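**Q** In the numbering used here, the protein residues as written are 3 to 240. I'd like to ask some things about the structure below.
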DNA sequence: AAGACTATCAACCGCTGACAG
DNA sequence: GCTGTCAGCGGTTGATAGTCT
């Protein structure tokens with residue numbers, strides 16, 4: 003009925019600093035998850051949907067701003083091969099990054115073109131090279147034990163791995179207590195990917211810096227024809 | 001210097017699934 | 001079991017900044 007036209011005209015468009023402040027205060031007071039009542043408790047004339055989006059993608063504490071690192075880019079490629087366009091799922095493994103960030107990054111860099119496909123390869127290679135570089139720096143990311151070793155200590159495996167990955171800025175996806183291997187090359191060399199299982203059945207992977215020099219070397223060789231470009235092309239330092 | 005093109009990012013829209021009544 | 005509400009997700013769009021010609 004026309005007389006019951008209670009449809010509210012929500013404000014749209016870019017958020018102002020004042021609106022951000024109001025929303026932050028609201029979340030501080032009432033917590034996340036009560037988006038539909040934001041307008042009732044604040045002077046904000048935004049829909050709950052809009053408020054949630056603004057909070058999740060921009061205001062939430064702990065968000066990382068700026069360009070993705072080669073490592074993050076590589077992980078996105080790997081996880082996209084596993085999960086497809088499940089951006090929120092992928093985002094769970096990249097602390098501080100939102101599904102929107104990842105979605106935008108993917109669409110920008112790996113849309114549909116052949117050029118994009120090549121760029122994907124370049125980033126994968128850059129990512130492997132960076133792994134090797136870190137491996138050569140003893141003071142770098144200190145992983146004392148490998149997934150292989152951790153399988154011997156099942157009570158701490160998951161938590162330990164998670165903590166390390168958090169420190170490094172990403173997390174390996176784990177499904178049913180099984181590490182999904184970010185092989186970096188799942189797409190291109192899927193036939194070799196079962197070989198990433200160790201003798202005892204546990205997974206190892208390129209992110210494990212201690213054991214996988216030979217494995218990583220092998221993959222780097224696969225990229226021989228693929229020249230890794232400069233920062234200007236990637237937007238980050240290799 | 002100016003216009004065209006490209007990249008990036010914020011925000012909106014529509015759909016889906018969970019859940020309460 | 002049905003219905004309505006709401007949060008969350010993925011796709012898409014539009015504005016702006018940066019780069020190229």
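In this text, a Cβ means the ideal position worked out from N, Cα and C, and glycines have one as well. What you are looking at is a predicted structure, and each value in this text was computed from that prediction instead of being measured.
Given this structure, state the Cα-to-Cα distance separating residue 110 from residue 60, to the nearest angstrom.
**A** 19 Å
**Q** In the structure shown, what three-state DSSP assignment does residue 68 receive?
**A** coil
**Q** Distance check for residue 70 and residue 254, CA to CA, integer angstroms please.
**A** Residue 254 is absent from the model: the chain starts at 3 and stops at 240.
**Q** Could you name each continuous alpha helix (DSSP H) segment of 4 residues or more that falls completely within the segment 4-68, going from the start of the chain to the end?
**A** 19-32, 40-43, 50-56
**Q** As a quick exercise: from 24, 57, 112, 51, pick the residue whose alpha carbon is nearest that of residue 43.
**A** 24
**Q** How long is the line joining the alpha carbons of residue 94 and residue 101, rounded to whole angstroms?
**A** Each residue's Cα considered, the two are about 8 Å apart.
**Q** Specify whether the segment 43-53 and the segment 77-94 touch according to this definition: at least 3 beta carbon pairs, one from each stretch, less than 8 Å apart.
**A** no
**Q** Please report the straight-line C-alpha distance between residue 63 and residue 40, rounded to a whole angstrom.
**A** 19 Å
**Q** Report buried or exposed for residue 38, applying the criterion of at least 16 other Cβ atoms within 10 angstroms of its Cβ.
**A** exposed
**Q** Could you check the C-alpha separation between residue 88 and residue 79 for me, to the nearest Å?
**A** The straight-line gap from Cα to Cα measures roughly 12 Å.
**Q** Tell me whether the beta-carbon of residue 17 lies closer than 8 Å to the beta-carbon of residue 56.
**A** yes
**Q** Whose C-beta lies closer than 7 Å to the C-beta of residue 29 among residues of the same chain, with five residues either side of it excluded?
**A** 57
**Q** Within its chain, find whatever has a CB closer than 6 Å to the CB of residue 105; leave out the 5 residues flanking it on each side and keep chain order.
**A** 89
**Q** If I follow the unbroken alpha helix (DSSP H) through residue 95, where does it start and stop?
**A** First-last for residue 95: undefined, no H or E at that position.
**Q** Can you look up residue 86 in the DSSP assignment and give me helix, strand or coil?
**A** Coil.
**Q** Excluding the 5 residues flanking residue 13 on each side, which residues of the same chain have their C-beta closer than 7 Å to its C-beta?
**A** 47, 48
**Q** Beta-carbon within less than 7 Å of residue 66's beta-carbon, same chain only, minus the 5 sequence neighbours each way: which residues are those?
**A** 98, 99
**Q** Considering Cα atoms alone, identify which of 52, 31, 76, 34 is closest to residue 15.
**A** By alpha-carbon distance to residue 15, the top candidate from 52, 31, 76, 34 is 52.
**Q** Given residue 22, which residues of its chain have a CB within under 8 Å of its CB, disregarding the five upstream and five downstream residues?
**A** Excluding sequence positions up to five before and after residue 22, its CB lies within less than 8 Å of the CB of 56, 60, 61, all in the same chain and listed in chain order.
**Q** Taking only the alpha-carbon atoms, compute the straight-line gap between residue 34 and residue 92 and give it to the nearest angstrom.
**A** 21 Å
**Q** Whole angstroms is fine: what's the gap from residue 50's alpha carbon to residue 11's?
**A** 13 Å
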